[in-house]
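Numbering (our numbering), first residue to last: 18 to 543.
All C-beta atoms, glycine included, are put in the ideal place defined by N, C-alpha and C.
One structure below.
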Ligand code: ME8
């Protein structure tokens with residue numbers, strides 16, 4: 018059986034997650050579910066990144082010990098993923114004992130093989146990013162990642178010899194074009210970080226305590242990124258007594274990360290793996306961001322929107338659909354209340370909802386809700402819909418495997434539109450006027466069959482992202498969702514004994530656009 022291992026970054030448990038942060042999780046969950054439907058043994062890893070100065074500061078601000086603070090925050094994250102029905106297989110916390118022990122072993126290994134050496138570090142430090150920068154990396158004297166003020170700091174520290182591996186890394190990039198998706202991110206890494214000269218990375222701190230101690234030199238704690246990145250293998254039991262999951266699932270098939278953390282995942286992570294003599298992930302997919310009209314989502318600007326707020330009002334599937342549909346592979350996506358309501362009313366209520374409703378109503382009206390199966394009529398218009406279904410499946414698979422997720426939804430919705438048009442073209446109500454004619458009857462049966470079979474295909478195609486809607490569609494079509502697997506997309510003509518429900522139910526309730534736009538705006542101001 019094929020296996021598929023997909024990871025999300027581990028989240029900083031330092032505040033409420035907005036829809037942008039939830040995006041990574043929704044994406045990874047969809048990828049996992051797609052592979053489950055394909056019958057692959059799939060494993061999704063997520064968790065929380067709980068060490069470091071930033072978290073320690075947050076805990077102190079809240080008047081708590083760091084561990085007490087991260088326990089509460091991790092619980093909140095788990096609650097949200099539960100509400101969003103994220104189907105993860107393991108939730109790792111970097112404060113888990115097994116992780117701490119494994120990271121300590123990894124550090125000692127690097128030390129022993131000479132990849133880590135002791136020195137003194139002086140540089141410009143950005144506290145929120147927990148990163149040191151050289152003079153030349155600063156942008157207008159500020160942090161190149163977040164733009165905030167940096168401070169000159171000096172400390173005894175251990176360093177990782179990045180220079181030893183960088184040549185190998187670039188060679189690996191060139192020989193493995195699937196490693197980095199989309200491919201333009203590779204050039205960014207080379208131009209911005211590798212060409213200017215990749216410096217050795219400072220991998221310990223002595224300025225604070227909230228981290229994993231270096232076993233052989235306990236006044237040092239391990240740099241939070243070295244600690245965090247290794248979660249992808251420690252979660253599977255690497256360097257523990259039971260490493261069976263590691264043996265089964267590593268290397269990861271897809272590691273999904275946002276663009277802000279591309280540097281850590283595309284440079285440092287592969288180098289750490291090389292130093293451990295482990296295979297690299299097959300693909301690291303860097304996604305773009307959900308942004309707002311006035312730039313980044315931030316509480317101070319008053320433009321933040323939380324997933325719970327949208328889910329409670331519009332449902333989980335509508336929220337997930339919007340997020341995935343709006344963030345293209347080539348640029349950031351823009352969240353607007355207008356856009357959200359438009360997609361809700363137009364894509365979900367009108368296009369998909371109405372298609373289902375009209376089809377079920379006609380099946381009831383003309384055939385009492387029952388149909389034997391495919392009657393083999395070869396009308397041009399039917400054949401052209403069949404052809405479109407076939408190409409939709411191919412194009413969807415192609416887009417999906419190429420990590421073009423917004424596009425994969427666009428492809429499904431093209432079929433939805435085409436099928437709505439098919440009803441207008443075949444004019445079933447005209448055929449129904451003369452049911453005495455056997456020819457008309459067969460034509461009408463063929464139309465209704467094509468509608469129902471196409472709706473079943475659509476229900477399967479949206480299933481990785483919108484399981485509730487898929488279940489709902491299948492139930493109304495009289496089909497069992499438990500039996501659904503991806504392969505059934507090949508069985509277009511094989512539906513038998515169709516029994517749709519007597520009265521269709523709306524998949525999504527149309528909303529008043531102006532009212533809802535104002536409502537979402539009011540949420541953002543809160
Ligand atoms: O980076 N749109 O954690 P994190 C889309 N702990 N994605 C967004 C976003 C937005 N507006 N804002 C944030 C960390 N994200 C580290 C990871 S992994 C070894 C350590 C995404 O909680 C962001 O790009 O800051 C990242 O993928 C995820 O949210 C978690 O970010």
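Thinking residue 271 and residue 48 are a contact (beta carbons under 8 Å), I'd like their distance in whole angstroms, please.
Taking the chain shown and counting its residues from 1, the one referred to as residue 271 is at position 254. Taking the chain shown and counting its residues from 1, the one referred to as residue 48 is at position 31. Yes, they are in contact, since the Cβ atoms of residue 271 and residue 48 sit about 6 Å apart, within 8 Å.
Given a cut-off of 7 Å on the beta-carbon distance, is the pair residue 257 and residue 115 in contact?
On the chain shown, position 240 is the one that residue 257 refers to. On the chain shown, position 98 is the one that residue 115 refers to. Cβ atoms of residue 257 and residue 115: closer than 7 Å.
Chain-order list of residues whose beta-carbon lies under 8 Å from that of residue 152 (same chain, five-residue window excluded)
Walking along the chain shown from the start, residue 152 turns up at place 135. Answer for residue 152: 141, listed in chain order.
Using C-beta distances below 6 Å, list every residue in its chain close to residue 129, excluding the 5 sequence neighbours before and after it, in chain order.
The sequence position of residue 129 within the chain shown is 112, counting from 1. Cβ within range, chain order: n/a, list empty.
Let me know the secondary structure DSSP gives residue 518 once reduced to three states.
Residue mapping note: residue 518 aligns to position 501 of the chain shown, counting from 1. Assigned with DSSP and collapsed to three states, residue 518 falls in coil, not helix or strand.
Using a Cβ distance threshold of 8 Å, determine whether the segment 63-76 contacts the segment 99-114, with at least three qualifying pairs required.
yes
Can you tell me the Cα-Cα spacing of residue 185 and residue 32, whole angstroms?
Indexing the chain shown from 1 puts residue 185 at position 168. Indexing the chain shown from 1 puts residue 32 at position 15. Their backbone Cα atoms lie some 38 Å apart in a straight line.
Whole angstroms are fine: how far does the CA of residue 338 sit from the CA of residue 483?
Counted from its first residue, the chain shown places residue 483 at position 466. Counted from its first residue, the chain shown places residue 338 at position 321. When rounded, the distance between both Cα atoms is 7 Å.
Start and end of the alpha helix (DSSP H) containing residue 148?
For this step, residue 148 is matched to residue 131 along the chain shown. It is not in any alpha helix (DSSP H) - residue 148 instead sits in the beta strand (DSSP E) that spans 148-150.
Suppose only complete runs of 4+ residues qualify. What are the alpha helix (DSSP H) ranges in the segment 60-140, listed by chain order?
If only uninterrupted alpha helix (DSSP H) runs of at least 4 residues are considered, those enclosed by the segment 60-140 are 70-78, 83-100, 114-129.
What residue does the alpha helix (DSSP H) around residue 443 start on, and which one ends it?
Position 426 of the chain shown, counted from the first residue, corresponds to residue 443. Taken as a continuous stretch (DSSP letters only), the alpha helix (DSSP H) holding residue 443 covers 422-443.
Burial state of residue 77 (16 or more Cβ within 10 Å):
The residue you call residue 77 lines up with position 60 of the chain shown. Result: exposed.
Measuring only the C-alpha atoms, how far is residue 369 from residue 406?
Indexing the chain shown from 1 puts residue 369 at position 352. Indexing the chain shown from 1 puts residue 406 at position 389. Taking the straight line from one Cα to the other gives about 15 Å.
C-alpha gap between residue 402 and residue 75, whole angstroms:
If you number the chain shown from 1, residue 402 lands on position 385. If you number the chain shown from 1, residue 75 lands on position 58. So the two alpha carbons sit approximately 57 Å from each other.
Supposed contact pair residue 292 and residue 127 - C-beta distance, whole angstroms, cut 8 Å
Taking the first residue of the chain shown as 1, we reach residue 127 at position 110. Taking the first residue of the chain shown as 1, we reach residue 292 at position 275. A Cβ-Cβ separation of about 6 Å places residue 127 in contact with residue 292 under the 8 Å criterion.
Could you check which residue in 531, 498, 422 has the C-alpha nearest to that of residue 199?
Position 182 of the chain shown, counted from the first residue, corresponds to residue 199. The candidate whose alpha carbon is nearest that of residue 199 is 422.
For residue 270, which three-state DSSP category applies?
Here residue 270 refers to the residue found at position 253 of the chain shown. For residue 270, the three-state secondary structure derived from DSSP is coil.
Residues bridged to residue 309 (per DSSP):
Here the question's residue 309 lines up with position 292 in the chain shown. Residue 309 is bridged to 312.
Beta strand (DSSP E) containing residue 449: first to last residue?
Sequence index remark: in the chain shown, residue 449 carries index 432 (1-based). That residue, residue 449, is in no beta strand (DSSP E); it is neither H nor E in DSSP.
Work out the CA separation of residue 456 and residue 384 for me, nearest whole Å.
The residue labelled residue 384 in the question sits at position 367 within the chain shown. The residue labelled residue 456 in the question sits at position 439 within the chain shown. Roughly 15 Å between the two C-alpha positions.
Are at least three pairs of beta-carbons, each pair with one atom in the segment 217-227 and one in the segment 440-449, less than 8 Å apart?
no
In whole angstroms, give me the CA-to-CA distance for residue 149 and residue 501.
By one-based count along the chain shown, residue 149 stands at place 132. By one-based count along the chain shown, residue 501 stands at place 484. Distance from the CA atom of residue 149 to the CA atom of residue 501, rounded to whole angstroms, is 51 Å.
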